[in-house]
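Participant: Before anything else, here's the structure in question.
Protein chains: 2
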Amino acid sequence: MRINKVDRQARFEQLLVKLRERDYRLTPQRVELIRLIVTSDSHPSASQLYDQIKTQFPTMSLATVYKTLDLLKELNEVLEIDLRDDSHYDGNKPYPHPHLICTKCQKIMDGELDTAVRNIVQAVEQNFGFRIAKHQLDFYGLCPDCQ
Amino acid sequence: MRINKVDRQARFEQLLVKLRERDYRLTPQRVELIRLIVTSDSHPSASQLYDQIKTQFPTMSLATVYKTLDLLKELNEVLEIDLRDDSHYDGNKPYPHPHLICTKCQKIMDGELDTAVRNIVQAVEQNFGFRIAKHQLDFYGLCPDCQ
DNA sequence: ACCTTATTGATAATTATTATCTATAAACAT
DNA sequence: ATGTTTATAGATAATAATTATCAATAAGGT
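Read top to bottom, the protein sequences are chains R and A.
Each residue of the first sequence is one higher than the one before, starting from 1027 at the first, in the numbering used here.
Each residue of the second sequence is one higher than the one before, starting from 1027 at the first, in the numbering used here.
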């Protein structure tokens, strides 16, 4: 695991500071969602987060999940991965990066391919004159376990 | 323009043959949608195709557009580009390839980056043990005209 | 011209996300 | 502690693309 428990705990606390600095209120629901998404190894969807939080906050509303995710996106602290059926969220690496999606077990893996990505983005800019601001690179196939 | 009028006309006719061979019926609506998407320079959505076809076939239903697109996807003759709001379709290059999407004018351009794509797909397979079946590579930014 | 059956078109259903609005509670001051 | 202000939560309705349903129609073969 690239990011360890201590790092995640630190990131979690930094996020709370950032919110406070910008005068957002630290409601228990908000804090819990942030904790969940920052300490998660996976890439949960809004409804998956909702299901998890409801065990601790039975009054939690799905609307609140969406609003909190919007806020975190706004602050560039969460990356939205827009897939066919719904969006999933990456709270650990909130910048564009490739994802490998297993078409059998549905697992979403981060693709650490920094140089290859830099190269292809550069190729796009040079060959087509585009100025790229962000990207979404999704690779679909079978993960090692499902092959 | 990479693909000229003659090539597209040929592809259009080949598609009709392919459908006939597989015992699909050549209804006027179906033929017209195929003609439109194969001769289009852009990447229309279902509703854009619907609007175009309705001028010639006022009875055309959106459901028929979706069903025809499904059929063409099934035959691997159209590529679906699944974007946030809706899907767009590429009837000229029905295999996965990058797209450059202008965030100002919304234009979708094909990214011809065959070697770069091959390289990154290979990197994914080697580094993560995935067997990649398809991909969707979307680059968002400003096109030359909009910069 | 007729028959079979795939396809069309109208419409309802589905589902993720967004919008709306009132009650609540977080943060701050007293 | 208590009160005040106002952002936020939660309930619910609205939105919108896509899919499902099904009777009427017409394509292709006889």
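Quick reminder that beta carbons are idealized off the backbone N, C-alpha and C, glycines included.
(1) Assign C1128(A) to one of two classes, buried (16 or more other C-beta atoms within 10 Å of its C-beta) or exposed (fewer than that).
(2) Using a C-beta to C-beta distance shorter than 8 Å, which residues of chain A count as neighbours of Y1092(R)?
(3) Could you name the residues of the region 1115-1139 of chain R whose beta carbon sits closer than 8 Å to any beta carbon of chain A, in the order they occur along the chain?
(4) Where does Q1173(R) fall in DSSP's three states?
(5) Does the beta-carbon distance from I1146(A) to L1105(R) come in below 9 Å?
(6) Name the one or two DSSP bridge partners that I1063(R) has.
(7) From the DSSP output, in three-state form, read off D1136(A) for me.
(8) Find out if the Cβ-Cβ distance for the pair L1075(R), Y1115(R) is shorter than 9 Å.
(9) Measuring only the C-alpha atoms, how far is F1083(A) from Q1055(A)?
(10) Whose C-beta lies closer than 8 Å to the C-beta of E1058(A) among residues of the same chain, with five residues either side of it excluded?
(11) Does C1118(R) pass the burial test, meaning 16 or more other C-beta atoms within 10 Å, or should it be called exposed?
(12) Between which two residues does the alpha helix (DSSP H) harbouring D1096(A) extend?
(13) Say whether the region 1091-1106 of chain R touches the region 1129-1138 of chain A, bearing in mind that this needs 3 or more beta-carbon pairs closer than 8 Å, one atom from each stretch.
(14) I'd like to know if A1072(A) contacts chain R, where contact means its C-beta is closer than 9 Å to some C-beta of that chain.
(15) Confirm, please, whether the CB-CB distance from P1124(R) to F1165(R) is below 9 Å.
Facilitator: On the basis of the data shown:
(1) buried
(2) Chain A residues near Y1092(R): none, gap ~15 Å exceeds 8 Å.
(3) P1124, L1126, C1128, T1129, M1135, G1137, E1138 and L1139
(4) coil
(5) no
(6) Per DSSP, none; premise fails for I1063(R).
(7) strand
(8) yes
(9) 7 Å
(10) I1079, Q1082 and F1083
(11) The question names Cys, yet the displayed sequence has Asn at residue 1118(R). Its Cβ being crowded by 16 or more others within 10 Å, N1118(R) is buried.
(12) L1088 to E1100
(13) no
(14) no
(15) yes
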